[in-house]
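Colleague: For the sequence shown, our numbering assigns the number 2 to the initial residue and increments by one for each residue that follows. Think of the CB as a built atom: it goes at the ideal place given N, C-alpha and C, for glycine as much as any other residue.
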Amino acid sequence: MIQPASFRRGDCTSPERKTNPNNNSINSVEVEIPLLAIDGCAPRIDREIRHAPVNQDPLPVELRMKIFEHVVAFDGPLPSDTYYLDLRVLAQVCKLWSDIVRCSPSLWRVLSNCGTATALWPTAFTRSASVPLTIYFINRFLTVESILRDYATTLVNSLARWEVVTLHLNAHTELFPPEVTNVAPLLRYLHLRADIGPEFRLNLHETWSPRLRHIKLEGVRLLNWTNSILFGLHTLMLRYKGPPLNELFAILTRCPDLHDLELRDITYRRDSHSRGALQVPLPYLRSLKLMDMNSATTATLLSGIQAPLCHTYFCRCRLLGPPDTEDTRLHSRLDPSSSTGSNITCQKPMEFIS
């Protein structure tokens, strides 16, 4: 059942404004349209992607007026024990609202399954027609293989319309099997998060997504770091899975336009065959976050990353020391340029926490 958001939320707006809506009141309702509950599957903006770049077209004025022209004023005083709107009129409004939402692809550009198994997930993709998609998909609670297979098929078939995508995967998901040959020409933001334990691998082809600018991988290992896609990256975030330290520096050299870099909870190992100091110039880097790694790894990264324009950074690392000494809980603030030989010019102190 469709319910206007103002009724569902118990809005106490006066009957005059409800029954004689003007353009301003209609405009105020427009922002609540994505929150409509439509057969248990509604376009929804989730917390994870609320700040992702999404373009939402406003509902045309003529459509909004057509909906609200069914809301008519009563003559005389309103009874205290009844609603101020005739339920039959309300039903007409709900039906028309439902028809418009179902037939307006631009209202289905943001899709989320919210971790629940619903058979209408493929239907939502159908209603979005050919518009670019923002997808937030969680399947950590889904274990039925038939449903997961349908979900995966729907996602893969819509690759050509991916624009902003966040996927939370579990052990039952096969991420982009080898037979997938589609490309994602519109994709510019990709965030993949996998539960700790299963091995997820992402294989990006050279022409898979030429517009990709933001990659965030949590527990997912990217296979081909030599991909030319990295050349245009602005944001790179790696968590739980990472290459050897010298390979990481080689990866960063392929990202000359990088603006934001975040490395977290990764045990980097330096290749025994690598020699000499590791250095990488990142002339456009503005933000750097290094978290939950040992102090030796952190010092190597700080001394090797050359980012003269970096002005925002956060560092939290584990101090090496015997587990039974107080040194392992030491909190100290150091100047990275003097204490670690860092090539990063920063305005705030670096925090080292065990």
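#1: Quick test of your reading: Val-221 and Arg-189, contact by CB under 8 angstroms. State the CB separation rounded to the nearest angstrom.
#2: Can you pull the DSSP bridge partners for Ala-195?
#3: In angstroms with no decimal places, state the Cα-to-Cα distance between Lys-242 and Ile-267.
#4: Measuring only the C-alpha atoms, how far is Trp-122 from Pro-186?
#5: What's the call for Asn-228, buried or exposed, on a 16-neighbour Cβ count within 10 Å?
#6: Expressed to the nearest angstrom, what Euclidean distance is found between the alpha-carbon atoms of Ala-300 and Leu-134?
#7: Out of Gly-305, Asp-261, Pro-211, Arg-287, state which residue places its alpha-carbon closest to the alpha-carbon of Leu-246.
#8: Near Thr-236, what residues of its chain come up, given a Cβ to Cβ distance below 6 angstroms and the 5 sequence neighbours on each side ignored?
#9: In terms of residues, what are the limits of the alpha helix (DSSP H) holding Ser-304?
#10: Taking only three categories from DSSP, how would you classify Pro-211?
#11: Per DSSP, what kind of secondary structure is Ile-34 in: helix, strand or coil?
#12: Looking at Leu-91 and Phe-138, is the spacing between their C-beta atoms short of 7 angstroms?
#13: May I have the straight-line CA-CA distance separating Ser-130 from Pro-309, to the nearest angstrom?
#14: The alpha helix (DSSP H) spanning Ile-252 covers which residue range?
#15: What residues in its chain sit with their C-beta under 7 angstroms from that of Phe-250, if we drop five residues either side in the sequence?
#16: Give every residue of the same chain whose Cβ lies closer than 6 angstroms to the Cβ of Pro-244, excluding the five residues on either side of it in the sequence, and list them in chain order.
#17: For Trp-226, name the three-state secondary structure that DSSP assigns.
#18: Ordered along the chain, which non-local residues of its own chain (more than five positions away) have a Cβ less than 6 angstroms from that of Ala-38?
#19: For Trp-163, list the residues DSSP reports as bridge partners.
#20: Which residues does DSSP list as the beta-bridge partners of Lys-96?
#21: Return the chain-ordered list of same chain residues with a C-beta closer than 8 angstroms to the C-beta of Arg-51, the five sequence neighbours on each side being excluded.
#22: Quick one: residues in its chain with C-beta nearer than 6 angstroms to the C-beta of Lys-356, no 5 flanking neighbours on either side, listed in chain order?
#23: Counting contacts by CB-CB distance shorter than 7 angstroms, is Thr-313 in contact with chain B?
#24: Leu-237 by DSSP, collapsed to three states: which one?
#25: Please classify Arg-128 as buried or exposed, where buried requires at least 16 other C-beta atoms within 10 Å of its C-beta.
#26: Give the secondary structure of Ile-101 by DSSP, where H, G and I count as helix, E and B as strand, and everything else as coil.
#27: Quick one: what's got a C-beta closer than 6 angstroms to Glu-263's C-beta in the same chain, skipping five residues either side?
#28: Determine the closest residue to Leu-213 out of Arg-240, Val-184, Arg-194, with distance taken between C-alpha atoms.
#29: Would you mind stating whether Val-132 and Arg-103 have Cβ atoms separated by less than 7 angstroms?
#30: Is it right to say Arg-150 is buried, meaning 16 or more other beta carbons lie within 10 angstroms of its own, or is it exposed?
#31: Since Thr-127 sits in a beta bridge, which residues does DSSP pair it with?
#32: For Thr-155, collect the residues of the same chain with a Cβ closer than 6 angstroms to its Cβ; drop the 5 residues on either side in sequence, then sort them by chain order.
#33: Just the C-alpha distance for Lys-96 and Trp-209, rounded to the nearest angstrom, thanks.
#34: Three-state secondary structure (DSSP) at Leu-231?
#35: Let me know the secondary structure DSSP gives Arg-48 once reduced to three states.
#36: With H, G and I counted as helix, E and B as strand and the rest as coil, what does DSSP make of Asp-266?
Modeller: The structure says:
#1: Actually they are not in contact, since the Cβ atoms of Val-221 and Arg-189 sit about 18 angstroms apart, beyond 8 angstroms.
#2: Leu-170
#3: 6 angstroms
#4: 23 angstroms
#5: buried
#6: 40 angstroms
#7: Gly-305
#8: His-215, Asp-261
#9: 296-305
#10: coil
#11: Its pLDDT being 42, under 50, Ile-34 is placed unreliably in this model, and the value from its coordinates should be taken loosely. Of the three classes helix, strand and coil, the one that applies to Ile-34 here is helix, per DSSP.
#12: no
#13: First, the amino acid is wrong: residue 130 is Ala here, not Ser. One C-alpha to the other measures close to 46 angstroms.
#14: 246-254
#15: Leu-279, Val-281, Gly-305
#16: none
#17: coil
#18: Confidence is the limiting factor: at Ala-38 the pLDDT is only 35, short of 50, which leaves the residue's position unreliable, though a coordinate-based value still follows. If we look at Ala-38 and ignore the five residues flanking it on each side, it has no Cβ neighbours.
#19: Leu-134
#20: Lys-96 is not bridged to any residue.
#21: Here the model assigns Arg-51 a pLDDT of 40, short of 50, so the residue's position is not dependable, and the following value carries that caveat. Nothing listed; no residue qualifies.
#22: The requested residue 356 is not part of the displayed model; the chain covers only 2 to 355.
#23: The structure shown contains no chain B; it is built from a single protein chain.
#24: strand
#25: buried
#26: helix
#27: Met-238, Lys-290
#28: Val-184
#29: no
#30: exposed
#31: Answer by DSSP bridge pairing: none, since Thr-127 is not bridged.
#32: Pro-123, Phe-126
#33: 41 angstroms
#34: helix
#35: Caution applies to Arg-48, whose pLDDT of 39 falls short of 50 and renders its modelled position unreliable; the value that the coordinates give is listed next. Arg-48: helix per DSSP, three-state reduction.
#36: coil
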